[in-house]
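Let me begin by presenting the structure, written as structure tokens, before commenting on it.
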Ligand code: ADP
Ligand code: ASP
Ligand code: MG
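In my numbering, the protein residues as written are 11 to 436.
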């Protein structure tokens, strides 16, 4: 017997028919004698619809009221799954964020998970009841409903798994694991059987939306056994324990798998893209000490996350251009802040471009291999793709390119690093 947290994403619960399939998967786990908690997303498209309602009601919406609206999608699917399980003769009940409670802190619309007081829920699970928890939602210190940022149900699931000390946390989604890149872009993407936490964290943070970044860091911190699986299985499929998904493992476990020859170390493990960045260029910024601090200090104070930064070589007149990227959703705010401070900063113009994409290659193997970035630049150059900005970390290289070239760039790089699955026709 095990204690398991199962999470089902938006496509997996889109409609009562799909919720019935999910209920069958959950029932099979419970029937195997396991204690089960289930975290659900809103139906696919529902959160976008709710976000749009907020924008229509008030473009400058209050994040606390936004949370009241957008958290409702998860409440619906949690109730429907409980009802469906009950119709199958299972004992199940929903536990809303404030009922568990899932305590959160910091900003509305982007809250972070704090303590989860799971004693009552654990007692219910030990008594044979299936606990259904709406993902994405929590409760603030002052008792108001909060949400955890887009894709936050993954983090809810890992947080619940840590709180109930689950044996594993299974993330069921619309693909059957983590691939070398988004399988919807590259048909020859390969499924990765085991991936190290650090690599998954980096991939998630640069746009591989299969897991929310915070869910990976939380799983790493609390040592939650995390796997990604498909919910699109038929009744005759084997149980989740034996389905071939992707296991997210510690560096130590990865080391053992490498030693046993069960995993082959690639220099690049995966490629991700992110179209949610925008480029900002400040022209003719005074080339003097403290100039960039004056630009980026206030942006940081305003919670705007600046990612890639380039400062051009200074011109004759003691001036330089500064290029950087910010999340697309913060572009208008960034532009307004810079225009407001134009005189103080002494630059000439702000030029913005929202039609850019960041392409990143990630792999632990980079620590010990040179030339990864050179391969990237050459492969892109061979296809005439212009690189507008570059950033690197120990296990990642990212480039900024024209958004229209995203798919081409991902495909070209996937081939360049030898990640393509063998041609089936060959
Ligand atoms: P859910 O609603 O289940 O949370 P998401 O849409 O958030 O699902 O995440 C699953 C999607 O992530 C897949 O449909 C796929 O298009 C995308 N994706 C991006 N990168 C990857 C990757 N490297 N491996 C698998 N899926 C990926
Ligand atoms: N429903 C939320 C979203 O679409 C949370 C989630 O699905 O993880 O972002
Ligand atoms: Mg998701």
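Built from N, CA and C at the ideal position, the CB exists for glycine as well. No experiment lies behind these values; they were computed from the predicted model shown.
Helix, strand or coil at residue i [DSSP, three-state]
i: residue 115; result: strand
i: residue 189; result: strand
i: residue 294; result: strand
i: residue 423; result: helix
i: residue 146; result: coil
i: residue 241; result: coil
i: residue 51; result: coil
i: residue 452; result: This structure leaves residue 452 out entirely; the chain is present only between 11 and 436.
i: residue 436; result: Interpretation of residue 436 is limited by its pLDDT of 47, a score under 50 that renders its predicted location unreliable; the figure taken from the coordinates is listed afterwards. DSSP places residue 436 in coil when its eight states are reduced to three.
i: residue 461; result: Residue 461 lies beyond the residue range present for the chain, which begins at 11 and ends at 436; the question has no answer from this structure.
i: residue 36; result: helix
i: residue 236; result: strand
i: residue 205; result: strand
i: residue 178; result: strand
i: residue 329; result: strand
i: residue 29; result: helix
i: residue 400; result: strand
i: residue 314; result: coil
i: residue 429; result: coil
i: residue 91; result: helix
i: residue 68; result: coil
Segment limits, beta strand (DSSP E) that includes residue i
i: residue 16; result: 13-18
i: residue 270; result: Note, residue 270: premise wrong, no beta strand (DSSP E); not H, not E.
i: residue 256; result: 256-259
i: residue 360; result: 359-363
i: residue 157; result: 155-157
Residue i - partner residues in DSSP beta bridges
i: residue 334; result: 290 and 319
i: residue 122; result: 115
i: residue 368; result: 284 and 410
i: residue 104; result: 142
i: residue 183; result: 240
Proximal residues to residue i (C-beta, below 7 Å), its chain only, five neighbours per side dropped
i: residue 288; result: 335, 336, 338, 341, 362, 363, 364 and 366
i: residue 16; result: 36, 39, 46, 48, 180 and 182
i: residue 193; result: 185 and 199
i: residue 227; result: 211
Cβ-based neighbour list, residue i, same chain, cut-off 6 Å, excluding 5 preceding and 5 following
i: residue 395; result: 411, 415 and 419
i: residue 237; result: 180, 255 and 257
8 Å Cβ shell around residue i - same chain, five flanking residues per side excluded
i: residue 436; result: Any reading at residue 436 must be qualified, since the residue scores a pLDDT of 47, below 50, and its modelled position is unreliable; no value is offered.
i: residue 315; result: 336, 337 and 340
i: residue 44; result: 11, 12, 13 and 14
Element boundaries [alpha helix (DSSP H), containing residue i]
i: residue 407; result: Taken as a continuous stretch (DSSP letters only), residue 407 belongs to no alpha helix (DSSP H), being part of the beta strand (DSSP E) at 406-412.
i: residue 79; result: 73-80
i: residue 132; result: 129-136
i: residue 353; result: 352-355
i: residue 98; result: That residue, residue 98, is in no alpha helix (DSSP H); it is neither H nor E in DSSP.
i: residue 168; result: 163-173
key: Any 3 or more C-beta pairs closer than 8 Å across the region 129-148 and the region 103-113   = yes
query = Between the region 151-170 and the region 188-207, do at least 3 Cβ pairs fall closer than 8 Å?
reply = no
Three CB pairs or more closer than 8 Å across the region 68-75 and the region 133-149 = no
task = Report yes or no: do the region 115-123 and the region 47-65 share at least 3 C-beta pairs separated by less than 8 Å?
result = no
task = Would you check if there are 3 or more beta carbon pairs closer than 8 Å linking the region 204-211 to the region 256-272?
result = yes
Any 3 or more C-beta pairs closer than 8 Å across the region 370-384 and the region 346-360 = no
inquiry  = Can you tell me which residues fall inside 5 Å of the ligand PLP, judged by beta-carbon distance to its nearest heavy atom, and keep chain order?
reply    = No copy of the ligand PLP occurs in the structure displayed; its ligands are the ligand ADP, the ligand ASP and the ligand MG alone.
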